[in-house]
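Below: the structure, in structure tokens.
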Amino acid sequence: MVKLSFFRSINFFNSIIMKIRCSSLPKICTASKVKGALSETAKSYIKTIAKQDFYGYETELNNKYVKKGIECEGSAILLYNNVFFTSHEKNKQRKSTEIITGECDIITPELIIDIKCSWSFETFPATSEDITLKDYEYQLRGYMYLYDVNSAELAYCMVDTPDHLIGYDNVQIHKTINAPIESLVTTLRIERDEKLEAEMIEKVHMAHEFYNEYINKLNLKNK
-12 MVKLSFFRSI NFFNSIIMKI RCSSLPKICT ASKVKGALSE TAKSYIKTIA
38 KQDFYGYETE LNNKYVKKGI ECEGSAILLY NNVFFTSHEK NKQRKSTEII
88 TGECDIITPE LIIDIKCSWS FETFPATSED ITLKDYEYQL RGYMYLYDVN
138 SAELAYCMVD TPDHLIGYDN VQIHKTINAP IESLVTTLRI ERDEKLEAEM
188 IEKVHMAHEF YNEYINKLNL KNK
């Protein structure tokens, strides 16, 4: 199960300090119609988190796509290694600043690798041009910032879906036995960009301010 992507802590003055996970950065950094402001998408997402904190509940994603990603991550890393003749292991080192936190899948001195398990052949990007970068670009930029690495790569891996998750789907779109192994991994690499990184950090600070403003409104509405 995957929880919504924020960590929070309280400082000595009871001001809430958000540590935003890298996986939330694509929402926080969506383009705004107003220059230098948070987008409506970002504001809506932050309000969702603030409501959870204020009313004391938590939302978890627990669908079949998330379950496959969790259950098959090891198989996906093994597939990546077999295709590219590497020996990468799952990273277990989390990095944090005062406002951002993240734990990338694979870290090398030169490269961050983020592993994505496709649900089926129908959703698997067969070539790099089929990858929608905007869905994960700022997640990768967050990792490069935290780990101080200059390159990051999205790696979509197509591995067999566990039978108990397939349900009534066509089994053929979930099994890789007839596909050449080198065709089962599609990658897209980006490089670190100081300007985009600075804009990302600015958006994170704005998200923190907007969160506290919204919490204050909730605290004051019945007073």
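Each residue of the sequence shown is one higher than the one before, counting from -12 in my numbering.
Don't be surprised by glycine CBs; every beta carbon is placed ideally from N, CA and C.
Contacting residues, own chain, Cβ-Cβ under 6 Å from residue i (five flanking each side not counted)
| i | result |
| --- | --- |
| residue -11 | Residue placement at residue -11 is poorly supported in this model, since its pLDDT is 37, which falls under 50; the coordinates are not used for a value here. |
| residue 174 | 140 and 142 |
| residue -9 | At residue -9, the pLDDT of 43 sits below 50, so the modelled position is not reliable; the number obtained from the coordinates is stated separately. Excluding sequence neighbours, residue -9 sits near 46. |
Nearest candidate by alpha-carbon position, reference residue i, set the options
| i | options | result |
| --- | --- | --- |
| residue 152 | 17, 50, 27 and 96 | 50 |
| residue 106 | 150, 97 and 70 | 150 |
| residue 69 | 168, 102, 134 and 202 | 168 |
| residue 130 | 90, 182 and 28 | 90 |
| residue 15 | 179, 208 and 190 | 190 |
| residue 8 | 202, 103, 188 and 199 | 188 |
| residue 88 | 127, 27, 183 and 32 | 127 |
| residue 170 | 184, 199, 115 and 154 | 115 |
| residue 134 | 74, 174, 43 and 95 | 95 |
| residue 148 | 208, 163 and 136 | 163 |
| residue 11 | 21, 43, 121 and 75 | 121 |
| residue 181 | 26, 125, 165 and 32 | 125 |
| residue 97 | 117, 132 and 118 | 132 |
| residue 55 | 159, 104 and 73 | 104 |
Residues bridged to residue i (per DSSP)
| i | result |
| --- | --- |
| residue 144 | 104 and 172 |
| residue 81 | Paired residue(s): none; residue 81 is not in a bridge. |
| residue 24 | In the DSSP output, where bridge partners are listed per residue, residue 24 has none listed. |
| residue 139 | 99 and 177 |
| residue 8 | 88 |
| residue 93 | 100 |
Whole-Å CB distance - residue i paired with residue j, under 8 Å assumed
| i | j | result |
| --- | --- | --- |
| residue 142 | residue 177 | With a Cβ gap of about 12 Å, residue 142 and residue 177 do not count as contacting. |
| residue 99 | residue 136 | 5 Å |
| residue 123 | residue 13 | 6 Å |
Proximal residues to residue i (C-beta, below 8 Å), its chain only, five neighbours per side dropped
| i | result |
| --- | --- |
| residue 192 | 86 |
| residue 172 | 66, 67, 70, 71, 142, 143, 144 and 145 |
| residue -1 | For residue -1, the predicted structure reports a pLDDT of 29, less than 50, and the residue's modelled location is therefore unreliable. A value from the coordinates is still provided. So no residue of the chain qualifies. |
| residue 77 | 60, 61, 64, 92 and 93 |
| residue 30 | 197 |
| residue 17 | 26, 28 and 29 |
Residues near residue i in its chain [Cβ-Cβ closer than 7 Å; skip 5 each side]
| i | result |
| --- | --- |
| residue 41 | 202 and 205 |
| residue 19 | 25 and 26 |
Cβ pair count under 8 Å reaching 3, the segment 33 to 43 against the segment 77 to 90: no
Do three or more CB pairs link the segment 109 to 127 to the segment 59 to 78 at distances below 8 Å? no
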